[in-house]
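First residue of the sequence shown? That's 2 in this note's numbering, and the numbers climb one at a time after it.
Positions of the beta carbon are idealized from the N, C-alpha and C atoms, including for glycine.
Contents: one structure, followed by commentary.
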Amino acid sequence: MYPDKFTDKFDENKKAVAELAEIPSKTVRNRVAGYITRLVKRRKAQEKAESSA
């Protein structure tokens, strides 16, 4: 939904999640940010593999 807001850096994603969603639990907010970080890293790796193939 906001692909331009998220990067492969966890700390930046934590801030973006805090701005975009009202998640009262710090633990859940960090888990969401971590999940998004993993998705972005996978997507970048996949794009790199496809471009080199």
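Chain-order list of residues whose beta-carbon lies under 7 angstroms from that of residue i (same chain, five-residue window excluded)
i: F7; result: N14, A17, I37, V41
Cut-off 8 angstroms between Cβ atoms - residues of its own chain near residue i, not counting five sequence neighbours on either side
i: F11; result: A34, G35, T38
Same chain, Cβ closer than 6 angstroms to residue i, neighbours up to 5 away in sequence not counted
i: P4; result: none
**Q.** Contact between the region 42–54 and the region 13–33 (3+ Cβ pairs under 8 angstroms)
**A.** As far as the Cβ criterion goes, the region 42–54 does not touch the region 13–33, which means the pair count is below three.
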